[in-house]
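The sequence shown stops at residue 348 when you use this note's numbering, and every number in between is there. The beta-carbon is built from N, C-alpha and C at its ideal position, and this holds for glycine as well.
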Amino acid sequence: MRKRAKKLLSMLLCGTMLCLYLPLQAQAVQFSDVSANAWYYTAISSLSDKGILSGTGGGKFSPTATLTRGQFVTMLAKSTLSANDLQPYNFSGYFKDVTASHWATPFVNWAYETRVASGYEDGTFQPDKAVTRQEMAVMAVSYTHLRAHETELHL
């Protein structure tokens, strides 16, 4: 009898754990220009579900568009911070081309303050400029260091 109870409890525990890992019904914004059979559909849906991606407006994602510096730091910031956490970064900040009214202002200010990204020698950030692979790599490594440091502080 005791062996049977352990087996039943084990099966119940395994079933519970399995249910936790089953995907929930997708609540992502469905972009009209992202086909459900596109190779990147799952990734875009997942990032959209988490609020990291929101598309380019008008129900579109624009998968063939060039990724900009502003968009890249936005994704990094949104993967870490809530909208409330970003409020203190919503000011006309450190770069002459990132005004308080620019859509990427809080994300650029966060990236600069946390040393995830830097600007150019002329005092600009150029948020609407295409981000290069080199810039993405540098920002990704800086972001990883930031997250590792934050994790150490919470241990």
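Take the alpha-carbon of Ala330 and the one of Val309: they are about 11 Å apart.
When the Cα atoms are used, Glu306 and Ser225 turn out to be separated by approximately 36 Å.
Close CB contacts of Asn302 within its chain, under the 8 Å cut and outside five residues either way in sequence, are with Tyr282, Asn283, Phe284, Gly286, Tyr287 and Val291 (chain order).
Nearest neighbour of Phe318 by Cα position, chosen from His338, Leu274, Phe265 and Ala229, turns out to be Phe265. Rounded to whole angstroms, the gap between the alpha carbons of Met332 and Arg326 is 10 Å. Per DSSP, the beta bridge partners of Gly250 are Lys253.
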